[in-house]
Amino acid sequence: MYLSRTSSGGQSELKINGSGSAMSIGKVQIKPAFYKFHGESLTHARTDVHVRDRVVTTDEPAERGGTNVGASPTETMLSALVGCTNNIATKIAHHKKLEFEIESIDLEAEFDRRGVLMVEDIDIPFPNIKLTINVRTDATAEQLAEVQALLPQFCPVSKVFRAAGSKIVEEWNVVSPIFSAAS
Numbered sequence: 000m001y002l003s004r005t006s007s008g009g010q011s012e013l014k015i016n017g018s019g020s021a022m023s024i025g026k027v028q029i030k031p032a033f034y035k036f037h038g039e040s041l042t043h044a045r046t047d048v049h050v051r052d053r054v055v056t057t058d059e060p061a062e063r064g065g066t067n068v069g070a071s072p073t074e075t076m077l078s079a080l081v082g083c084t085n086n087i088a089t090k091i092a093h094h095k096k097l098e099f100e101i102e103s104i105d106l107e108a109e110f111d112r113r114g115v116l117m118v119e120d121i122d123i124p125f126p127n128i129k130l131t132i133n134v135r136t137d138a139t140a141e142q143l144a145e146v147q148a149l150l151p152q153f154c155p156v157s158k159v160f161r162a163a164g165s166k167i168v169e170e171w172n173v174v175s176p177i178f179s180a181a182s
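Sequential numbering of the sequence shown, starting at 0, is according to numbering that gives the first Met the number 0.
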C-alpha cells in the first residue's frame, strides 16, 4: 500500500493504492481553514469557549477548585482524539467502499501531571495513550489494516499528540460483521 500526493497552485491530488485497489480522492481545491474562538473566563478553572453556534465549557472538578460543569482542558483534548479517530477512520473506510461503523472507542492515557502541578517542565505530558476501537465491518483483515495504516496520516488530533512525543497504541476489535443486503 502506498500514498501519493501531488500539489501545485493550491490544488492537491491524492491517491491511495494498496492490494490491487486504488482510492483516488481526485483534485480538490485546498483552502486553509482559519478558526476564531472567543473564550470567557468565568472562574479561575472554568472557561466557556464559543465555537460556531456552540459553547464548549472546560472546567475542573470540585476537588481541584472547579465547579465540574465541563471536562477539564486535558480531558477535552483527549476527547478530541476519540472523536477525530471515529471521524477519520470512518471517512477512510467509506472512501475504500467498506461497510464500516465504529461502535465505541475506549481511551486510556497516562498523564504526567508534574507539569500542570508546576513541579517541573514536562516534554511529553501524555507519554502513553491506548485506544480500543470496536468496529462493525465487512472488511477483510487486509482492508482493515489499510484503514489502520492511513488513520495516523489523516487524523490531525493524532498528529498533534504524536508530534508531541505521545505513543499511541490502537487495539482494533471487529465486534460483529456487517452483512450486505446481497448476502
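Even for Gly, the Cβ is constructed at its ideal location relative to N, Cα and C.
The model shown is predicted, which means the values in this text are computed figures rather than measured ones.
Check whether the Cβ atoms of residue i and residue j lie closer than 9 Å to each other.
i      : j      : result
ILE101 : LEU150 : no
VAL173 : THR131 : no
ALA44  : THR73  : no
LEU116 : VAL146 : no
CYS83  : SER157 : yes
Give the DSSP bridge partners of residue i, in chain order.
i      : result
ASN133 : SER103 and ASN172
LYS166 : ASN127
HIS37  : HIS49
GLU74  : GLU74 pairs with nothing; no bridge assigned.
GLU109 : ASN127
Pop quiz: residue i and residue j are said to be a contact at Cβ under 8 Å. What is the actual Cβ separation, rounded to whole angstroms?
i      : j      : result
LYS90  : ASN127 : 26 Å between Cβ atoms; not a contact.
ALA138 : ALA92  : 7 Å
ASP111 : ILE121 : 5 Å
GLU170 : LYS129 : 7 Å
GLY64  : ILE123 : Wrong, their Cβ atoms sit about 26 Å apart, outside the cutoff.
Determine the closest residue to residue i out of the options, with distance taken between C-alpha atoms.
i      : options                          : result
GLU109 : LYS96, ARG161, VAL48 and PHE125  : PHE125
PRO155 : ALA92, SER175, ALA144 and ASN85  : ASN85
VAL159 : ALA79, GLN142, LEU106 and HIS94  : ALA79
ARG55  : GLY64, THR42, GLY38 and GLU98    : The sequence as given places Val at residue 55; Arg does not occur at that position. With distances taken between Cα atoms, VAL55 lies closest to GLY38.
VAL168 : GLU107, PHE153 and LEU116        : GLU107
GLN142 : LYS30, GLN152, HIS94 and GLY114  : HIS94
LEU41  : ASP58, VAL27 and ARG161          : ASP58
PHE99  : THR46, GLY164, ASN133 and GLU119 : ASN133
PHE33  : LYS26, GLY114 and ARG51          : ARG51
PHE35  : PHE153, VAL68 and HIS49          : In the sequence as displayed, the identity of residue 35 is Lys instead of Phe. When only C-alpha atoms are compared, the closest one is HIS49.
THR46  : THR75, VAL81 and GLY114          : THR75
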